[in-house]
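Just add 99 to wherever you are in the sequence shown, counting from 1, and you've got my numbering.
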Amino acid sequence: MVLLQACDKAPTEAADKGSAVQESASTAPAKASATQEKAPEIQEKPVKLSAAYSGKVYSPYAKPGIPLRPLWGDSHLHTSLSMDAGLFGNRLPPKDAYRFARGEEVISSTGQAVRLSRPLDWLVVADHSDGIGLVGDIASGKPELMKYEQAARWNKGMKAGGEESVKAAYNLIETFSQGKMEPEMLAMYSPGATAFKNLWEGVIADAETYNEPGRFTALIGFEWTSLIKGNNMHRVVIMRDGPEEAKQVVPFTMTAPQGSPDPRDLWKYLADYENKTGGKILAIAHNGNLSNGIMFPLDAQWNGTKLDETYVTQRSKWEPIYEATQIKGDGEAHPFLSPDDEFADYENWDIGNLDVSVAKTNEMLAG
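Next up, the structure:
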């Protein structure tokens, strides 16, 4: 583009210079005439180097062995299907998330028309697998849910708005974090339930609809929401495959009987996925700052299981990268661990665990 702009400007600049020569050379018409006669030669098509150096050999640049073009995207985005996003006002489904990422104009949850100034290259809609779709049905007052005291109370708070809505949101998150959600109600939005399967197939279909090779990549994924009494061990799971592979499974959860809060069981799920489908999959852990030390154990897991070579090799295989920073804090450094680093206190969110049910101590910072 810059080259084209330069070429577009060249004739004008040449004409201006020619005019200047004519004006300043009025006392030397022969010289001015010579300049005018040579001017057209400047505009002639340049000779190709291959023709100018006929018979010469040269060594072309070797093709680089690493990617040179950065592709910008979001590996961890929630929609109205997630408990947390839905509770805090997100009313947009996955398809609108993809449209927004692609640079299209969408109407936000607050009724405003919004659009990215620069579209993304890729997006992972990673809604929480546990209770996927539950909050939307609570907010709408789905009759099957209103028979449960918890759902009816949260619905009332959401409808009240303001501070009552915020209280309902935090109470729902705390209830789930502590494993106190009504089991029968949660089972309606868990693996084995028709609603769970239908929602997952809808997630896959939306990704396929908005995936456009060469322009925009819609990656299929979900978030595994492991919580140990409020201590965060969440992972975003991303599939490097299309609908044919993704439809052969349903997302892993932390809730029994299909799910588990243990990362070792998540890794087994990932291995089973690859063995069954022939595809590729990985997990990205995040917010170790809200785990109170259990995200990165040094000697044993939270349940007392000693770390061994299998744990280390499996984690290295399935979790090759880590989400170091996001809206719920940064996990790159901490003043207690790096007292001489003046930037180590950047957005640590180090008060406690995810639901702030247990305060953080310095002993917890090692992990």
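Beta carbons are placed, not taken as given, at the ideal position from N, Cα and C, and that holds for glycine.
With distances taken between CB atoms, is the gap from L298 to I237 smaller than 7 Å? Along the sequence shown, read from residue 1 onward, the residue named residue 298 stands at position 199. Along the sequence shown, read from residue 1 onward, the residue named residue 237 stands at position 138. No.
Please report the residue range of the alpha helix (DSSP H) in which M257 lies. Working through the sequence shown from its first residue, we reach residue 257 at position 158. It spans E248 to A259 - the alpha helix (DSSP H) in which M257 sits, taken as one unbroken run.
What first and last residue would you give for the alpha helix (DSSP H) that runs through M338? Here the question's residue 338 lines up with position 239 in the sequence shown. Under the DSSP assignment, M338 falls outside any alpha helix (DSSP H), being part of the beta strand (DSSP E) whose first and last residues are R334 to M338.
Suppose the cutoff is 6 Å on Cβ atoms and the five residues either side in sequence are ignored; what does the same chain contact list for Q142 look like? Your numbering for residue 142 matches position 43 in the sequence shown. Unreliable placement is indicated for Q142, whose pLDDT of 48 sits below 50; no coordinate value is reported for it.
Give the single residue among L233, F435 and R201 whose Cα lies nearest to the Cα of E311. Within the sequence shown, residue 311 is the residue found at index 212, counting from 1. Of the listed residues, the one whose Cα sits closest to E311 is R201.
Going by CA-CA distance only, name the one from L191, L464 and T209 that's closest to L397. Here residue 397 refers to the residue found at position 298 of the sequence shown. For L397, the nearest C-alpha among the options comes from L464.
Taking the C-alpha atoms as reference points, what is the distance between P360 and I426? In the sequence shown, the residue the question calls residue 360 occupies position 261. In the sequence shown, the residue the question calls residue 426 occupies position 327. Straight-line Cα distance between these residues: approximately 23 Å.
Residues near G451 by beta carbon distance below 6 Å, same chain, minus five either side: As a first step, residue 451 is located in the sequence shown; it is residue number 352 there, counting from the start. Close CB contacts of G451 within its chain, under the 6 Å cut and outside five residues either way in sequence, are with V457, A458 and K459 (chain order).
Among K241, G378, T354 and T308, which one has its Cα closest to the Cα of M280? Within the sequence shown, the letter at position 181 stands for residue 280. Measuring from the Cα of M280, the nearest candidate turns out to be T354.
Bounding residues of the beta strand (DSSP E) (the contiguous stretch that carries D371): The residue labelled residue 371 in the question sits at position 272 within the sequence shown. Boundaries around D371 are those of the alpha helix (DSSP H), P362 to T376, since no beta strand (DSSP E) includes it.
Are the Cβ atoms of L271 and D226 separated by less than 7 Å? The residue you call residue 271 lines up with position 172 of the sequence shown. The residue you call residue 226 lines up with position 127 of the sequence shown. In this structure, D226 does not lie closer than 7 Å to L271 by Cβ.
Between D220 and M338, what straight-line distance do the alpha-carbon atoms span, to the nearest angstrom? By one-based count along the sequence shown, residue 220 stands at place 121. By one-based count along the sequence shown, residue 338 stands at place 239. As the crow flies, the alpha-carbon of D220 is around 17 Å from that of M338.
List the endpoints of the continuous alpha helix (DSSP H) containing F199. For the purposes of this step, residue 199 is taken as the residue at position 100 of the sequence shown. Segment P193 to A200, the alpha helix (DSSP H) holding F199.
Looking at A384 and E418, is the spacing between their C-beta atoms short of 7 Å? As a first step, residue 418 is located in the sequence shown; it is residue number 319 there, counting from the start. As a first step, residue 384 is located in the sequence shown; it is residue number 285 there, counting from the start. The answer is yes: Cβ separation under 7 Å.
Same chain, Cβ closer than 6 Å to E136, neighbours up to 5 away in sequence not counted: In the sequence shown, residue 136 corresponds to position 37, counting from 1. Unreliable positioning characterises E136 in this predicted model, as indicated by a pLDDT of 44, which lies under 50. The coordinate reading is nonetheless provided below. No residues qualify anywhere along the chain.
Since G451 sits in a beta bridge, which residues does DSSP pair it with? Numbered from its first residue, the sequence shown carries residue 451 at position 352. Beta-bridge pairing links G451 to A458.
If you follow the alpha helix (DSSP H) that T316 is in, where does it begin and where does it stop? As a position in the sequence shown, residue 316 is number 217, starting the count at 1. Not the alpha helix (DSSP H): T316 falls in the beta strand (DSSP E), residues T316 to W323.
Per DSSP, I206 is paired with what? Counted from its first residue, the sequence shown places residue 206 at position 107. A212.
Could you please give the first and the last residue of the uninterrupted beta strand (DSSP E) stretch that includes L389? What you label residue 389 is simply residue 290 of the sequence shown in a count that begins at 1. Neither: L389 is in no beta strand (DSSP E) and is coded neither H nor E.
What span of residues does the beta strand (DSSP E) with S415 cover, start to end? On the sequence shown, residue 415 is found 316 positions in, with the first residue counted as 1. Here S415 belongs to no beta strand (DSSP E); instead the alpha helix (DSSP H) covers E408 to W417.
Straight-line gap, Y421 to M287 (C-alpha atoms, nearest Å): Along the sequence shown, one-based indexing puts residue 421 at 322. Along the sequence shown, one-based indexing puts residue 287 at 188. Roughly 32 Å between the two C-alpha positions.
Per DSSP, which one or two residues make a beta bridge with A184? As a position in the sequence shown, residue 184 is number 85, starting the count at 1. DSSP output for A184 lists no bridge partner at all.
Cut-off 6 Å between Cβ atoms - residues of its own chain near T126, not counting five sequence neighbours on either side: Walking along the sequence shown from the start, residue 126 turns up at place 27. Residue placement at T126 is poorly supported in this model, since its pLDDT is 37, which falls under 50; the coordinates are not used for a value here.
Just the Cα atoms here: how many angstroms apart are A432 and V336? Reading the sequence shown from its first residue, position 333 is the one you call residue 432. Reading the sequence shown from its first residue, position 237 is the one you call residue 336. Distance between the alpha carbons of A432 and V336: 25 Å.
Am I right that P282 and T352 are in contact with their C-beta atoms under 8 Å? What's the rounded C-beta distance? Numbered from 1 along the sequence shown, position 183 holds the residue referred to as residue 282. Numbered from 1 along the sequence shown, position 253 holds the residue referred to as residue 352. That belief does not hold up - the Cβ atoms of P282 and T352 are roughly 13 Å apart, past 8 Å.
Buried or exposed: where does G382 fall if 16 or more other Cβ atoms within 10 Å of its Cβ makes it buried? Here residue 382 corresponds to residue number 283 of the sequence shown, with the count starting at 1. Checking the sequence shown, residue 382 turns out to be Ala, not Gly. When all chains shown are included, A382 counts as buried.
Which same chain residues, not among the five before or five after E140, have their C-beta less than 6 Å away from its C-beta? Your numbering for residue 140 matches position 41 in the sequence shown. Interpretation of E140 is limited by its pLDDT of 48, a score under 50 that renders its predicted location unreliable; no figure is taken from the coordinates.
Taking the C-alpha atoms as reference points, what is the distance between G235 and A345? Working through the sequence shown from its first residue, we reach residue 235 at position 136. Working through the sequence shown from its first residue, we reach residue 345 at position 246. Approximately 24 Å between the Cα atoms of the pair.
Closest by C-alpha distance to D182, when choosing among A250, V348, S390 and S153: If you number the sequence shown from 1, residue 182 lands on position 83. Reading the sequence as shown, one finds Met at residue 182 and not Asp. Of the candidates A250, V348, S390 and S153, the one whose C-alpha sits nearest the C-alpha of M182 is A250.
From L102 to L215, what distance separates their C-alpha atoms? Start at 1 with the first residue of the sequence shown, and residue 102 comes out as number 3. Start at 1 with the first residue of the sequence shown, and residue 215 comes out as number 116. Only weak support is given to the placement of L102: the predicted model assigns it a pLDDT of 29, under 50, and the question is left unresolved by the model.
Output the distance between the C-alpha atoms of W253 and E441, rounded to the nearest integer angstrom. Here residue 253 corresponds to residue number 154 of the sequence shown, with the count starting at 1. Here residue 441 corresponds to residue number 342 of the sequence shown, with the count starting at 1. Taking the straight line joining both Cα atoms gives about 43 Å.
Which two residues bound the contiguous alpha helix (DSSP H) that contains G329? Locating residue 329 in the sequence shown gives position 230, where the first residue counts as 1. It is not in any alpha helix (DSSP H) - G329 carries neither H nor E in the DSSP assignment.
Separation of Y247 from E462, as counted between CA atoms: For the purposes of this step, residue 462 is identified with residue 363 of the sequence shown, where counting begins at 1. For the purposes of this step, residue 247 is identified with residue 148 of the sequence shown, where counting begins at 1. C-alpha separation (whole angstroms): 40 Å.
Would you kindly check if the distance between the Cβ of L389 and the Cβ of L453 is under 7 Å? One-based indexing of the sequence shown puts residue 453 at position 354. One-based indexing of the sequence shown puts residue 389 at position 290. Result yes, Cβ atoms of L453 and L389 sit closer than 7 Å.
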